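For reference, the structure discussed in these notes is given below.
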Amino acid sequence: MASQGWKFALYCAILVLSSEARPNRECKTPSVTTASGALVSRSSFCPGELIFEDNFDTLDLERWQHEKTLGGGGNGEFQFYLNDRQNSFVEDGIFYIRPTMLTDDEDFLRSGTLDVNGGSPYDQ
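Counting with mature numbering (1 follows the signal peptide of the UniProt record, and there is no 0), you get residues -21 to -1, 1 to 103 for the letters of the sequence shown.
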């Protein structure tokens, strides 16, 4: 009897693996989510289907890149993003993003005036 249970479990595991390995399977209800990019194998997915995963054993620089911009990501805020491992790093399987405020001094927080003479480190 125990051997039949083992065979059934193995059959179920193979069935699950084979159904997950079919990237073009039909969905009963198509997802409204779409994806694009070099790391995505197709654009449409089934609801609840995993699209992207990273367990952060290391910081894979093929998947994760710093945006070096003064634009603020289109939200109208003045933000400056740096490529700095003190601000983003992986430790014990956790991806940390640490915001760092760069100011002229404490008066900047009260006056809102920032001296940008000399440009950004990216421009130098």
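Glycine is no exception: its CB is placed at the ideal position from the N, C-alpha and C atoms.
Every value quoted in this text rests on a predicted model; they were computed, and no experiment measured them.
Cutoff 8 Å; reference residue i; Cβ partners in own chain excluding five residues on either side
{"i": "Leu29", "result": "none"}
{"i": "Tyr75", "result": "Ser67, Phe68, Val69"}
{"i": "Pro78", "result": "Asn66"}
{"i": "Lys47", "result": "Tyr60, Leu61, Asn62, Tyr101"}
Spatial distance of residue i from residue j (CA atoms)
{"i": "Leu38", "j": "Phe68", "result": "7 Å"}
{"i": "Glu70", "j": "Trp43", "result": "15 Å"}
{"i": "Arg1", "j": "Phe24", "result": "Because the pLDDT of Arg1 is 45, which lies under 50, any placement of that residue in the model is unreliable, and the number read from its coordinates should be weighed accordingly. When rounded, the distance between both Cα atoms is 12 Å."}
{"i": "Ser15", "j": "Phe31", "result": "11 Å"}
{"i": "Gly72", "j": "Cys6", "result": "33 Å"}
{"i": "Arg64", "j": "Leu18", "result": "23 Å"}
{"i": "Pro26", "j": "Asn54", "result": "29 Å"}
Boundaries of the beta strand (DSSP E) in which residue i is found, first to last residue
{"i": "Tyr75", "result": "73 to 76"}
{"i": "Phe35", "result": "Looking at the DSSP string, Phe35 is not in any beta strand (DSSP E), and its letter there is neither H nor E."}
{"i": "Val69", "result": "67 to 70"}
Other residues of its chain near residue i: CB distance less than 6 Å, five sequence neighbours each side excluded
{"i": "His45", "result": "Asn62"}
Neighbourhood of residue i by C-beta, 7 Å cutoff - its chain only, sequence neighbours within 5 removed
{"i": "Asp33", "result": "Asp39, Arg42"}
{"i": "Thr13", "result": "Ser22, Ser23"}
{"i": "Asp36", "result": "Gly72"}
{"i": "Pro9", "result": "Ser23"}
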